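Counted the way the numbering used here counts, the sequence shown spans residues 1162 to 1360.
Data block below; observations after.
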Amino acid sequence: MTAAPARWLGLALAALAGHLPATALAGAQQYEELSASVRASLAKSVTDRQFARLRDPESIAWVRAHHERVQERVRDDRLAHELLEMIRYEALRAGLDPRLVLAVIDVESGFRKYAVSPAGARGYMQVMPFWVREIGMPGQNLFHARTNLRYGCVILRHYLQVEDGNLFNALGRYNGSLGRPEYPERVLRAMRSRWSAGA
């Protein structure tokens, strides 16, 4: 192959690689049988289409406080802003600390929208596809940012309820590593060191 075609092939492959799922190291929620009432409650939580932009001064300040760090990860100013608005909205909607959700995304996918774990978990919050079958609607795409964040936050809130508010254990369940300290410690460390600005 001559130099010019080889160079074009290399550029094409590089461009294609940017659209292929990136491997994620974390994320493998374990399937657990859900009671009918829990399934119905979770299904209602993920299928509610409501989304409002947060315009209160506290939310605006929070987005600004984290914008630069997220922008460094996603390499797009507008995407960073939109993603932070979605993260804060979905976290507060689920009764979670938005900084915790930032830390989970940081550890789970490194803010890679198309990340896929070896176990098959997908997207920013590394949601396992079985959740769509259990509590979602056919055709929901876990690589869609808002869908992924909605599922991830609802699932993490569910695990917090299962664990009676024990965040350490809930994080272990979320990652499929309940009983091992490495994952919860990484998330909590990230929350304290990288995502501590604002509330």
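Glycine is no exception: its CB is placed at the ideal position from the N, C-alpha and C atoms.
Here the structure is a predicted model, which is why all the values come from computation and not from measurement.
Check whether residue i and residue j have beta carbons under 9 Å apart
i, j, result
"LEU1317", "PRO1345", "no"
"ARG1294", "MET1247", "no"
"LEU1245", "VAL1231", "yes"
"GLY1284", "LEU1303", "yes"
"ILE1296", "LEU1203", "yes"
"TRP1356", "ARG1234", "no"
"TRP1223", "ALA1331", "no"
"ASP1237", "MET1352", "no"
Cα-Cα separation, residue i to residue j
i, j, result
"VAL1207", "HIS1242", "23 Å"
"TYR1250", "ALA1282", "22 Å"
"LEU1240", "GLY1340", "36 Å"
"TYR1275", "GLU1269", "12 Å"
Opening and closing residue of the alpha helix (DSSP H) in which residue i lies
i, result
"VAL1348", "1343 to 1354"
"GLU1229", "1218 to 1235"
"ASP1267", "1259 to 1269"
"GLU1251", "1238 to 1254"
"LEU1339", "From DSSP, LEU1339 is part of no alpha helix (DSSP H); its letter is neither H nor E."
"ALA1358", "From DSSP, ALA1358 is part of no alpha helix (DSSP H); its letter is neither H nor E."
"ARG1311", "1306 to 1323"
Beta-bridge partners of residue i, as assigned by DSSP
i, result
"ARG1283", "VAL1277 and VAL1288"
Closer than 8 Å: residue i CB and nearest the ligand PLP heavy atom
i, result
"ASN1336", "Within the structure as shown, the ligand PLP is missing, as the structure has no ligands at all."
*Just checking, does the stretch 1303 to 1319 make contact with the stretch 1282 to 1289 on the three C-beta pairs under 8 Å criterion?*
yes
*Touching or not, the stretch 1346 to 1354 and the stretch 1259 to 1271, by the rule of three or more beta carbon pairs under 8 Å?*
yes
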